[in-house]
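Quick notes on the structure that follows.
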Amino acid sequence: MTNDREEPLLPAARGPLSSAVVDCLRGAGPPPPYDGIAAAPVYGDDLQLALYLCYELHYRGFSGVPADLEWDPELLRARAALERRFLTALRADAHRHDEVDEAFAGILVEPVDGTGVSHFLRDSGELWHVREYAAQRSLYHLKEADPHAWVLPRLWGRAKAAMAAVEFDEYGGGRADRVHARLFADLMADLGLDTAYGRYLDAACAEQLVTVNLMSLFGLHRSLRGALVGHFATVEITSSPGSRRLAEAMRRTGAGPAAEHFYDEHVEADAVHEQVVRHEVVAGLLEAEPHLAADVAFGVDATVFAEDRLAGRLLGDWSAGRSSLRTPLSREFTHVS
1230 MTNDREEPLL PAARGPLSSA VVDCLRGAGP PPPYDGIAAA PVYGDDLQLA LYLCYELHYR
1290 GFSGVPADLE WDPELLRARA ALERRFLTAL RADAHRHDEV DEAFAGILVE PVDGTGVSHF
1350 LRDSGELWHV REYAAQRSLY HLKEADPHAW VLPRLWGRAK AAMAAVEFDE YGGGRADRVH
1410 ARLFADLMAD LGLDTAYGRY LDAACAEQLV TVNLMSLFGL HRSLRGALVG HFATVEITSS
1470 PGSRRLAEAM RRTGAGPAAE HFYDEHVEAD AVHEQVVRHE VVAGLLEAEP HLAADVAFGV
1530 DATVFAEDRL AGRLLGDWSA GRSSLRTPLS REFTHVS
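Reminder that position 225 of the sequence shown reads as 1454 in my numbering, one-by-one numbering, no gaps.
Spelled out as structure tokens, the structure:
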């Protein structure tokens, strides 16, 4: 298992924007130009990787990149331009509801005949699909709960206390071996994957980058605290049933005990978290700041939008027999107990 404290390596660029950011982080050039940001496909590989690289400076950074670049004024201006394009597109493409209850209504009741990724993996997925899914999701799960922690100083009272309680569980309740990011690394080890933080950034598809950039965008902006709470609520509401299906997929494909445990843990924990988040975090926030209701609803809508795009990419590739990764994994892996 790789040392999980190592800083990740910078990935290969995917176009002129991400190339400019990589060069800037290496001290070899300026941030990307604004005209290039305006012209790039907003959900495409190049813009999303450029934004991901800027955001990652606020997490663990990259090997060989000075830590103080996190607050470099020129890089922050470029990040702001990338964010404006991303947020504008999300508001245009994802916005469906202005009321929180209406936004929640679409995710509280599961469809009878679900066709999502967890349904596919449970019913017909092979071990190579499970490994790809874990590699894609590692971009978030190896820092699980970190983006949502940014909202804590922006809440108070009832909402803050409840949010801190849920985050405490996500961080293992004081036990390092139960931190959810640690449990996911154990899952990856069961699947024969490299557990190094950021190891699969080069391989991840643009749709996966969008899902992580979304929570970083919401987390880093106090003005979007309502959207981050909406994002967190969506994750917790949908996690328990989805995790139950994924736990069944782990068992059926022989992924290994740690892989099973990760999702079994989320079935029970997130069923409780859903109630706490809805009735204490969301309700507490809106009691204190009722004007944020539309932002919470937007956070729900944007999360559903991003996750649906990712599901479409994964299922589209897999149904065609293709890898969803930019650099495919070997399909010959066999789990050894």
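Glycine included, every Cβ here is placed at the ideal spot set by N, Cα and C.
Take the Cβ of V1506 as the centre, count every other Cβ of all protein chains shown within 10 Å, and call the residue buried at 16 or more, exposed below. buried
- Determine, using beta carbons only, whether G1459 and V1525 come nearer to each other than 7 Å. yes
Exercise for review: May I ask which residues mark the beginning and end of the alpha helix (DSSP H) holding L1298?
Suggested key: Segment: none, L1298 is in no alpha helix (DSSP H) and carries neither H nor E.
- Report the rounded CA-to-CA distance for F1373 versus A1363, giving the unit in angstroms. Here the sequence assigns Glu to residue 1373, which means Phe is not the residue at that position. If you take the alpha carbons of E1373 and A1363, they lie about 13 Å apart.
*Hey, could you find the ends of the alpha helix (DSSP H) R1325 is sitting in?*
Premise fails: R1325 is in no alpha helix (DSSP H) and is neither H nor E.
For this session: Scan the segment 1304 to 1376 and note each continuous alpha helix (DSSP H) run of 4 residues or more that stays entirely inside, going in chain order.
Result: 1329 to 1337, 1346 to 1352, 1356 to 1370
Q) How should R1360 be labelled, buried or exposed, when 16 other C-beta atoms within 10 angstroms of its C-beta is the threshold for buried? A) buried
| query | For L1430, does the three-state DSSP call read helix, strand or coil? | reply | coil
Practice task
Could you check what DSSP says for A1462 in three-state terms: helix, strand or coil?
Solution key: helix
Where the alpha helix (DSSP H) containing W1547 begins and where it ends
1522 to 1548
Just verifying my parser: in three-state terms, what is the DSSP assignment at V1510? helix
Quiz item: By how many angstroms is the C-alpha of A1394 removed from the C-alpha of Y1426?
Solution: 25 Å
Worksheet item: Just checking, does the segment 1263 to 1275 make contact with the segment 1433 to 1451 on the three C-beta pairs under 8 Å criterion?
Response: yes
Using the rule of at least 16 other Cβ atoms within 10 Å of the residue's Cβ for burial, across every protein chain shown, is D1537 buried or exposed?
-> exposed
Contact defined as beta carbons within less than 8 Å: I believe L1544 pairs with V1346. What is the distance between those atoms, to the nearest angstrom? 6 Å
| CA-CA distance, P1245 and L1446? | 22 Å
Problem - Identity of the residue in R1451, F1534, P1376, R1306 nearest Y1288 by Cα - result: P1376
* Should E1355 be labelled buried (16 or more other beta-carbon atoms within 10 Å of its own) or exposed? -> exposed
Three CB pairs or more closer than 8 Å across the segment 1402 to 1412 and the segment 1335 to 1344 = no
If I follow the unbroken alpha helix (DSSP H) through L1246, where does it start and stop? 1245 to 1254
Alpha-carbon to alpha-carbon, D1499 and M1230: Any reading at M1230 needs caution, since the residue's pLDDT is 44, under 50, leaving its predicted position unreliable; the model's value is listed next. Near 28 Å, if we compare the C-alpha coordinates of D1499 and M1230.
message = Considering Cα atoms alone, identify which of D1546, H1508, D1530, T1482 is closest to S1353.
response = T1482
If we count Cβ pairs, one from each stretch, closer than 8 Å, do we get three or more for the segment 1484 to 1491 versus the segment 1411 to 1422?
yes
Compute the distance between the beta-carbons of D1431 and P1295, then report whether it is under 7 Å. no
Exposed or buried, what is L1337 when buried is set at 16 or more other beta-carbons lying within 10 Å of its beta-carbon?
-> exposed
Note to self: Considering just the uninterrupted stretch of the alpha helix (DSSP H) at P1486, what are its terminal residues?
What the structure shows: 1486 to 1505
What's the call for R1320, buried or exposed, on a 16-neighbour Cβ count within 10 Å? exposed
Alpha carbon to alpha carbon, what distance is there between L1521 and G1528?
11 Å
ask   = Apart from the five residues just before and just after S1367, which ones in its own chain have a Cβ nearer than 6 Å to its Cβ?
value = Y1429
| field | Where L1554 sits in the DSSP three-state scheme | value | coil
Buried or exposed, going by whether 16 or more other CB atoms sit within 10 Å of the CB of T1424? buried
*asked:* Could you tell me the alpha carbon to alpha carbon distance between E1509 and F1461, rounded to whole angstroms?
replied: 13 Å
Practice item. Could you tell me how far apart the beta carbons of R1480 and E1494 are, in whole angstroms, since I believe they sit closer than 8 Å? Key: Not really, about 14 Å apart at Cβ, beyond 8 Å.
Cβ-based burial, S1292 [other Cβ within 10 Å; buried from 16]: exposed
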